[in-house]
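Student: Residue numbers (our numbering), protein chains in the order written: chain E, 23 to 430; chain B, 144 to 613; chain U, 588 to 871.
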Amino acid sequence: MKKLLALLLAAAMVLGLAACGNTNDAPADDNAGEEKTVVTLKVWAAQDDQDMTKGMIDEFIAANPDKEWDITLAVVGEPDAKTKYLEDPAAAADVFAFANDQLRDLVAAGALYKVTRNAEDVIARNGEGAVGAATLDGQLYAYPMTADNGYFMYYDSSVFTAEDVQTLDGMLAAAEAAGKKVFMDVSNGWYIASFFLGNGGTLAIDANGNQTCDFNNANGLATAEAIKAFTAHPAFITGDDTVLTAGIQDGTIAAGVSGTWNADAISTSLGENYAATKLPTFTVAGAQVQMSSFGGYKQIGVNSQTKFPVEAMDLADWLTNEANQVKRFETRALGPSNVNAAASEAVKSNVALAALSLQSQFAVSQNDVLGAYWTPAEAFGTTMEAKDYSTDLQTLLDTMVAQITAAQ
Amino acid sequence: MEKENMLKNFVAGIKSVGKSIANGFSSFFSNFVKGDIITKISYFIMGFGCLARKQIVKGLLYLGVQIAYIYYMIQTGSYYIMMLTTLGTQSQGEVWDEELQIFKVVQGDNSMLLLLFGVISVCITIGFLMVYVMNTKTAYKNQCLLKEGKKLPSFKQDWKDLWDKNYHITVLALPIGMTFLFTVLPLIFMILMAFTNYDKNHQPPGNLFTWVGLENFQKVFGGNPMWGETFSRLFVWTIIWAIFATFLNYLFGMLLAILINRKGVKLKKMWRTIFIITIAIPQFVSLLLMSKLLHDQGALNNLLLDLGWISSYIPFLTNATYAKIVVIVINLWVGIPYSMLITSGILMNIPADLYEASHIDGANAVQQFFYITLPYMLHVTTPYMITQFVGNINNFNVIYLLTGGGPLSLDLYQAGSSDLLVTWLYKLTVNEQNYALASTIGILIFIICATLSLITYNKTSAVQEEDTFS
Amino acid sequence: MKNSKTKRTVANVVSHVFLTILSIIWLLPVVWLLMQSFRETPTGAFPKAIIPTTWTLSNYTRLFTETDLFNFPRWFMNTLVVAIASCILTTILTLLTAYAFSRLRFKARKPLMNVILILGMFPGFMSMIAVYHILKAIGLAQSLLSLVLVYSGGAAMGYYVAKGFFDTIPASIDEAAMLDGATKNQIFWQITMPLSKPIVIYTVLTSFISPWVDFIFVSVIMKDNYQNYTVALGLYQMLARENIDAYFTRFCAGAVLIAIPITLLFIKMQKYYVSGITAGGAKG
Numbered sequence: 023m024k025k026l027l028a029l030l031l032a033a034a035m036v037l038g039l040a041a042c043g044n045t046n047d048a049p050a051d052d053n054a055g056e057e058k059t060v061v062t063l064k065v066w067a068a069q070d071d072q073d074m075t076k077g078m079i080d081e082f083i084a085a086n087p088d089k090e091w092d093i094t095l096a097v098v099g100e101p102d103a104k105t106k107y108l109e110d111p112a113a114a115a116d117v118f119a120f121a122n123d124q125l126r127d128l129v130a131a132g133a134l135y136k137v138t139r140n141a142e143d144v145i146a147r148n149g150e151g152a153v154g155a156a157t158l159d160g161q162l163y164a165y166p167m168t169a170d171n172g173y174f175m176y177y178d179s180s181v182f183t184a185e186d187v188q189t190l191d192g193m194l195a196a197a198e199a200a201g202k203k204v205f206m207d208v209s210n211g212w213y214i215a216s217f218f219l220g221n222g223g224t225l226a227i228d229a230n231g232n233q234t235c236d237f238n239n240a241n242g243l244a245t246a247e248a249i250k251a252f253t254a255h256p257a258f259i260t261g262d263d264t265v266l267t268a269g270i271q272d273g274t275i276a277a278g279v280s281g282t283w284n285a286d287a288i289s290t291s292l293g294e295n296y297a298a299t300k301l302p303t304f305t306v307a308g309a310q311v312q313m314s315s316f317g318g319y320k321q322i323g324v325n326s327q328t329k330f331p332v333e334a335m336d337l338a339d340w341l342t343n344e345a346n347q348v349k350r351f352e353t354r355a356l357g358p359s360n361v362n363a364a365a366s367e368a369v370k371s372n373v374a375l376a377a378l379s380l381q382s383q384f385a386v387s388q389n390d391v392l393g394a395y396w397t398p399a400e401a402f403g404t405t406m407e408a409k410d411y412s413t414d415l416q417t418l419l420d421t422m423v424a425q426i427t428a429a430q
Numbered sequence: 144m145e146k147e148n149m150l151k152n153f154v155a156g157i158k159s160v161g162k163s164i165a166n167g168f169s170s171f172f173s174n175f176v177k178g179d180i181i182t183k184i185s186y187f188i189m190g191f192g193c194l195a196r197k198q199i200v201k202g203l204l205y206l207g208v209q210i211a212y213i214y215y216m217i218q219t220g221s222y223y224i225m226m227l228t229t230l231g232t233q234s235q236g237e238v239w240d241e242e243l244q245i246f247k248v249v250q251g252d253n254s255m256l257l258l259l260f261g262v263i264s265v266c267i268t269i270g271f272l273m274v275y276v277m278n279t280k281t282a283y284k285n286q287c288l289l290k291e292g293k294k295l296p297s298f299k300q301d302w303k304d305l306w307d308k309n310y311h312i313t314v315l316a317l318p319i320g321m322t323f324l325f326t327v328l329p330l331i332f333m334i335l336m337a338f339t340n341y342d343k344n345h346q347p348p349g350n351l352f353t354w355v356g357l358e359n360f361q362k363v364f365g366g367n368p369m370w371g372e373t374f375s376r377l378f379v380w381t382i383i384w385a386i387f388a389t390f391l392n393y394l395f396g397m398l399l400a401i402l403i404n405r406k407g408v409k410l411k412k413m414w415r416t417i418f419i420i421t422i423a424i425p426q427f428v429s430l431l432l433m434s435k436l437l438h439d440q441g442a443l444n445n446l447l448l449d450l451g452w453i454s455s456y457i458p459f460l461t462n463a464t465y466a467k468i469v470v471i472v473i474n475l476w477v478g479i480p481y482s483m484l485i486t487s488g489i490l491m492n493i494p495a496d497l498y499e500a501s502h503i504d505g506a507n508a509v510q511q512f513f514y515i516t517l518p519y520m521l522h523v524t525t526p527y528m529i530t531q532f533v534g535n536i537n538n539f540n541v542i543y544l545l546t547g548g549g550p551l552s553l554d555l556y557q558a559g560s561s562d563l564l565v566t567w568l569y570k571l572t573v574n575e576q577n578y579a580l581a582s583t584i585g586i587l588i589f590i591i592c593a594t595l596s597l598i599t600y601n602k603t604s605a606v607q608e609e610d611t612f613s
Numbered sequence: 588m589k590n591s592k593t594k595r596t597v598a599n600v601v602s603h604v605f606l607t608i609l610s611i612i613w614l615l616p617v618v619w620l621l622m623q624s625f626r627e628t629p630t631g632a633f634p635k636a637i638i639p640t641t642w643t644l645s646n647y648t649r650l651f652t653e654t655d656l657f658n659f660p661r662w663f664m665n666t667l668v669v670a671i672a673s674c675i676l677t678t679i680l681t682l683l684t685a686y687a688f689s690r691l692r693f694k695a696r697k698p699l700m701n702v703i704l705i706l707g708m709f710p711g712f713m714s715m716i717a718v719y720h721i722l723k724a725i726g727l728a729q730s731l732l733s734l735v736l737v738y739s740g741g742a743a744m745g746y747y748v749a750k751g752f753f754d755t756i757p758a759s760i761d762e763a764a765m766l767d768g769a770t771k772n773q774i775f776w777q778i779t780m781p782l783s784k785p786i787v788i789y790t791v792l793t794s795f796i797s798p799w800v801d802f803i804f805v806s807v808i809m810k811d812n813y814q815n816y817t818v819a820l821g822l823y824q825m826l827a828r829e830n831i832d833a834y835f836t837r838f839c840a841g842a843v844l845i846a847i848p849i850t851l852l853f854i855k856m857q858k859y860y861v862s863g864i865t866a867g868g869a870k871g
């Protein structure tokens, strides 16, 4: 009879699901009584950092023989950490690296353990900006790992003189004369902010936790005019990293705004003519204004869902200590956030890092930027790049700001 | 009976379901009243009506289900069902651990998992109730059979029936079970999410989310002008896209098939194979490749610049209008070979004498196409086209891989000009973690698809001649 | 008479020319893909020259030798295993469902068919999150088995085409067998199946291919478990922002490697594919 099969099926399902309900609430530390606890941790690191991170973890295990370690390494890059984390926090890494713009969302989602163990040391050994980027409402949430996630100007010194690169106008003129292009990804909230912030615009958070933004005031309008002029210039080119590196390689692009992650590719292509410096000034209503930027850092956080918080913190601490930051610089040329490591001659003579540190005095913290900012800013940049002037700038800015500041 | 339409089917279906539920209820109670002591006991101890009447295996199965269910409810089920009302009350907290010098995180309720397991528990309960009712029916039926002096079906007989008289149960049990587990359950979960405030600010595990009723729907329809505006604009584009993608592909595919099927055309197999090659290349490969090819700095622009045909690159994917045209055109590249394959088979089925007769009447090729081929094809392939249309409304790949929905526009909330509703939905979950809004849109997309197909099914005569078999 | 003959010749020539042009349009991207897979430098996605200036086989060889980060051979095997398992399961499930709806008569038939039809109209993404957690609850998270289940889980919803095919098999055959005392189970396996070669091949073919081309479901299921990726997701990963510069040409090579077997399959099975889908697809 049909009942029979339905019965069997139902029985199997009930049993199966009853079983799974159990595994769900399984207690975490049932092996506390044993002499040597097996500590199981998962670490996320970027694709290119895998070998290096593996080495650091091996050393960590060797340095802590009192425990049995089972540490696995998986590939999730810093830019994707938040998205991947939120897909399933319980299956995410116990220790993971992320870019500092994700800090606020991660903290809001309850994703991070507060850094309290050894906190004073962590704060003392890292640069102020790096610590600030890992701190929210006075509480440290992550271990600063690098201080190189910002951007500056790469250029071909055979095309531009040291004076050319002081002003955007000078660069565009020189590039146009040489039949080459100046690259900047204006359709990207991260980069386009450098104009607005440079000309006195502000992004902040009000008492209700909503984003405030004044990019549509008179200053903002003047800035937008400058962006419009820049994107309309024949020597202007936009695109993503691939466009920049390919363009530099085949010689069509002579300068570009980007970060240290492209240093290798660009220095190989430009050879002797490889140079980098802070961002130039741009012209607002006849006056020169220094471009600002977002100060970017990478940091390591400890998953609030981890079963071994103390060990995870020790590992995070280890991965970001001075020795490993030096190692990171030596193997992958990643700029250290550690004060001592950053002070070394080798770091100072690194072209890209030197340019970044020049720019850092004009950089602005990303802590007060909410997720709502990025897409509207990108949309504004896209409109400028597409040279679509069917709507006047003031209206565009008003729409952008309205979207950015809309209550969530 | 044959030509009834889906709408009528539906109404009839709902009516019959309602009727059988009502009947079930009344017989459930009357059976209890009419039942003897064994039947009455089996209302409390499942399978008793079988065990006491020597249907051992069946009785044990019923009993097993009851025990398993009670065990499950005690273990976790009742907890999850209870939590379904609030979706969690205890948010994640922390306590200072002096010895370790850390704020130890105290796990709170995870609203998402509570919702999911709550749904599962409810489904299990419904399933259990169905088995339970079945059990009472069996008990009563056994009682009646014995009273009439008939023999009860043995387990062996039941087993045999499963391979013949009741073969449909054997055959459908696994497919339906899998569909339930992998489609229906998740779907219920998704639908329920639209009635919660699961967004960035209510993100598990750190925060709880809870029921908000129809708030999300109300926001899409006016409460939040930005959402409403985006929805209506993307809706219009989605429909335009689906119309173009479905009908152009179909038409051109058919024309191509006719061309290849022409009498004079040599090497028919070779031509067909050429187009099949493009089907065989995975869509994500060809589409990603196209997106690189059509990029502002991509190979096509480079080629045109080198040839001197253009002086500055063409923004194939970064201009709103161009992007929309490009996705439709590229979709032709993707889709024409498919419709060519499908239509060419059917074309050969058109009775040749139709053409001969019309030829004698002096009809030319164009007239033949419009008066014979097209009506015949439309008649036969309407169900296929409806499926295609619905598929195109939900066509994620082409848009996502080609333009990524871009270019972004300030007129839209978190969406670009070439975004379909379904890619917008995807972006809302991945970029914005706004699951509540995404689910709401998912439901709206479904309503659109279902309505459209119901209407078209209604208006077409080419539905189901399948009941000739019985 | 002569006039109409020349007219026909002209029409034939025009048809062939037109077909040639169309073939070129359709094949160009394919040829471009092939050329890119043999390009040596640059490795990025936006080369200046449309035809590579330097040629190499290394994109192919490196797929199999440099397996530390992108383990192409392993992903290939994963996909093969999943494809075989899920195509067996899917084919069985689909054909059983289709057979039940086409040949068997029972009370819930019509409502079930309608419900299944309607289910297919929901966009699938959102439910993937739930599917992931259900699989995780059963203890199958991030495993190849879970992938097989995901690909065949919806098999019943694809009953449409196969049912159309079964509908075309004359009922009298079944009736004759029933008079001879065959059970429905016997009829299905011994009479219907042997007559249904095209639809079986069609179902096998389509379900075998889906694991090779899907990159969304597998990414939701596998997340950070690189070892269990399928080729499609692995290749997709090669075009991620941080990898595209170094891996674009290898992506092309990998794409060629999965396109070749599928193309051969298609060409070989074309006949069945067409008769399967035309018999089934055109009917309700």
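Backbone N, C-alpha and C fix where the C-beta goes; we use that ideal spot for every residue, glycine too. This one's a predicted model, so the numbers in the text were calculated from it and none came from an experiment.
Going along chain U, which residues have a C-beta under 9 Å from Gly-154 (chain E)?
Tutor: Taking the first sequence and counting its residues from 1, the one referred to as residue 154 (chain E) is at position 132. Here the premise fails: no neighbours, minimum Cβ distance about 26 Å.
Student: Reducing DSSP to helix, strand and coil, say where Pro-798 (chain U) ends up.
Tutor: In the third sequence, the residue the question calls residue 798 (chain U) occupies position 211. Pro-798 (chain U): helix per DSSP, three-state reduction.
Student: If you draw a straight line from the alpha carbon of Val-238 (chain B) to that of Pro-634 (chain U), how long is it in whole angstroms?
Tutor: For this step, residue 238 (chain B) is matched to residue 95 along the second sequence. For this step, residue 634 (chain U) is matched to residue 47 along the third sequence. Those two C-alpha atoms are separated by around 57 Å.
Student: Put Phe-752 (chain U) into one of helix, strand or coil per three-state DSSP.
Tutor: On the third sequence, residue 752 (chain U) is found 165 positions in, with the first residue counted as 1. Helix, per DSSP.
Student: At the level of alpha carbons, what is the spacing between Leu-206 (chain B) and Ile-383 (chain B)?
Tutor: One-based indexing of the second sequence puts residue 206 (chain B) at position 63. One-based indexing of the second sequence puts residue 383 (chain B) at position 240. About 57 Å.
Student: Which residue comes first and which comes last in the alpha helix (DSSP H) that contains Pro-166 (chain E)?
Tutor: By one-based count along the first sequence, residue 166 (chain E) stands at place 144. Looking at the DSSP string, Pro-166 (chain E) is not in any alpha helix (DSSP H); the run it does join, the beta strand (DSSP E), is 165-168.
Student: Rounding to the nearest angstrom, what Cα-Cα distance links Ala-466 (chain B) and Ala-68 (chain E) in this structure?
Tutor: Against the second sequence, residue 466 (chain B) aligns to sequence position 323. Against the first sequence, residue 68 (chain E) aligns to sequence position 46. Computed Cα separation, rounded: 33 Å.
Student: Look at the alpha carbon of Leu-587 (chain B) and the alpha carbon of Phe-364 (chain B), and state the distance between them as a whole number of angstroms.
Tutor: Here residue 587 (chain B) is taken as the residue at index 444 of the second sequence, counted from 1. Here residue 364 (chain B) is taken as the residue at index 221 of the second sequence, counted from 1. Their Cα atoms are separated by approximately 11 Å.
Student: Answer with buried or exposed for Thr-524 (chain B), where buried requires no fewer than 16 other C-beta atoms within 10 angstroms of its C-beta.
Tutor: Here residue 524 (chain B) corresponds to residue number 381 of the second sequence, with the count starting at 1. When all chains shown are included, Thr-524 (chain B) counts as buried.
Student: For Ala-196 (chain E), I'd like the list of residues in its chain whose CB is within less than 7 Å of its CB, leaving aside the five on either flank, ordered along the chain.
Tutor: Against the first sequence, residue 196 (chain E) aligns to sequence position 174. Here the set comprises Val-181, Phe-182, Asp-186.
Student: Would you please verify whether the beta carbon of Phe-258 (chain E) is less than 9 Å from any beta carbon of chain B?
Tutor: Counted from its first residue, the first sequence places residue 258 (chain E) at position 236. Taking Cβ atoms only, chain B never reaches closer than 9 Å to Phe-258 (chain E), which makes this a no.
Student: Quick check: is the beta carbon of Asn-445 (chain B) nearer than 9 Å to any beta carbon in chain U?
Tutor: Within the second sequence, residue 445 (chain B) is the residue found at index 302, counting from 1. Interface residue, yes.
Student: Just verifying my parser: in three-state terms, what is the DSSP assignment at Arg-595 (chain U)?
Tutor: Locating residue 595 (chain U) in the third sequence gives position 8, where the first residue counts as 1. The answer is helix: DSSP assigns Arg-595 (chain U) an H, G or I state.
Student: Between U:Asp-801, U:Ala-672, U:Tyr-686, which has its C-alpha nearest Ile-774 (chain U)'s C-alpha?
Tutor: Along the third sequence, one-based indexing puts residue 774 (chain U) at 187. The shortest Cα separation from Ile-774 (chain U) among U:Asp-801, U:Ala-672, U:Tyr-686 belongs to U:Tyr-686.
Student: So Ile-432 (chain E) packs on Ala-119 (chain E), CB below 8 Å; how close in whole Å?
Tutor: Since the first residue shown for chain E is 23 and the last is 430, residue 432 (chain E) is missing from the structure and cannot be characterised.
Student: Can you say whether Ala-164 (chain E) is buried or exposed, counting buried as having 16 or more other CB atoms within 10 angstroms of its CB?
Tutor: Counting from 1 along the first sequence, the entry for residue 164 (chain E) is found at position 142. That one is buried.
Student: At which residue ranges does the region 87-128 of chain E contain complete beta strand (DSSP E) runs of 3 or more residues, listed in the order of the chain?
Tutor: Counting whole runs of 3 or more residues, the region 87-128 of chain E contains the beta strand (DSSP E) stretches 90-97, 117-121.
Student: Measure the C-alpha to C-alpha separation of Thr-62 (chain E) and Asp-554 (chain B) and round it to an integer number of angstroms.
Tutor: If you number the first sequence from 1, residue 62 (chain E) lands on position 40. If you number the second sequence from 1, residue 554 (chain B) lands on position 411. Between Thr-62 (chain E) and Asp-554 (chain B), the C-alpha separation is close to 48 Å.
Student: Residues of the region 622-646 of chain U with a CB closer than 9 Å to any CB of chain B: list them in chain order, please.
Tutor: Here the close residues are Gln-623, Ala-632, Phe-633, Pro-634, Lys-635, Ala-636, Ile-637.
Student: Along the chain, where does the alpha helix (DSSP H) containing Lys-183 (chain B) start, and where does it finish?
Tutor: Here residue 183 (chain B) is taken as the residue at index 40 of the second sequence, counted from 1. It spans 180-185 - the alpha helix (DSSP H) in which Lys-183 (chain B) sits, taken as one unbroken run.
Student: What are the boundary residues of the alpha helix (DSSP H) that Met-175 (chain E) is part of?
Tutor: Within the first sequence, numbered from 1, the residue matching residue 175 (chain E) stands at position 153. Here Met-175 (chain E) belongs to no alpha helix (DSSP H); instead the beta strand (DSSP E) covers 174-178.
Student: At a CB-CB cut-off below 9 Å, which residues of chain A make contact with Val-469 (chain B)?
Tutor: Looking for chain A here will not work: the only protein chains present are E, B and U.
Student: Contact between the region 463-482 of chain B and the region 644-662 of chain U: three or more CB pairs below 8 Å?
Tutor: Flag = no, the region 463-482 of chain B and the region 644-662 of chain U do not touch.
Student: In its own chain, which residues sit with a C-beta less than 7 Å from the C-beta of Lys-64 (chain E), not counting the 5 before and 5 after it?
Tutor: As a working mapping, residue 64 (chain E) is identified with position 42 in the first sequence. Closer than 7 Å at Cβ, skipping near neighbours: Thr-94, Ala-96, Ala-115, Asp-116.
Student: What would DSSP say about Asp-240 (chain B), mapped onto helix, strand or coil?
Tutor: Numbered from its first residue, the second sequence carries residue 240 (chain B) at position 97. Here Asp-240 (chain B) sits in strand by DSSP.
Student: Looking at C-alpha atoms only, which residue of U:Tyr-747, U:Lys-694, U:Ala-846 is the closest neighbour of Ser-163 (chain B)?
Tutor: As a working note, residue 163 (chain B) is residue 20 in the second sequence. Per the Cα distances, U:Lys-694.
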